[in-house]
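Trainee: Handing you this structure, nothing more for now.
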């Protein structure tokens, strides 16, 4: 199994996040705090512009956000009028996303390797990867 990783700068400290890492409550709160920082918001705005350019989502289309975290991207997709589903391995991240989004989307706890779909996602489901 290949492990993917990302490098982020957090308050001038280099932090390596391993994909597949299941966030505990402290890490989930730290992540959410960073997302709300000026740097985090700037990065989110850039990601949103890129998403609109690359995916050109149309209202009513379905999107699956794998590793949805606290729901930042789900909230953006919801505002675009999309039918959204989020999956994350961390129960803390899912709980925070549920608090943020309420009933605007379907949220599931699970691993990317074990999606609750057959070999292919349901018809009409867009993905960015």
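In the working numbering, the protein residues as written are 114 to 242. Backbone N, C-alpha and C fix where the C-beta goes; we use that ideal spot for every residue, glycine too. Given the structure is predicted, the values throughout are model-derived calculations rather than measurements.
#1: My output table needs one value for residue 166: the three-state DSSP class, helix, strand or coil.
#2: Just the C-alpha distance for residue 188 and residue 214, rounded to the nearest angstrom, thanks.
#3: Taking the beta carbon of residue 129 as the centre, do at least 16 other beta carbons fall within 10 Å, making it buried, or is it exposed?
#4: Pick helix, strand or coil for residue 198, following the three-state DSSP scheme.
#5: Taking residue 212 as part of the alpha helix (DSSP H), name the residues at either end of that continuous run.
#6: Please classify residue 192 as buried or exposed, where buried requires at least 16 other C-beta atoms within 10 Å of its C-beta.
#7: Helix, strand or coil: how does DSSP classify residue 158 here?
#8: With a threshold of 6 Å on Cβ separation, who are the neighbours of residue 242 within its own chain once the five nearest residues in sequence on each side are excluded?
#9: Quick one: what does DSSP say residue 179 is sitting in, helix, strand or coil?
Mentor: According to the data block:
#1: helix
#2: Those two C-alpha atoms are separated by around 7 Å.
#3: Confidence at residue 129 is low in this model, with a pLDDT of 41, below 50, so the placement of that residue is unreliable and no value is reported for it.
#4: strand
#5: 204-214
#6: exposed
#7: Helix.
#8: Residue confidence for residue 242 is low, a pLDDT of 42 falling below 50, so the modelled location carries little weight; the figure read from the coordinates is stated next. Answer for residue 242: no residue qualifies.
#9: strand
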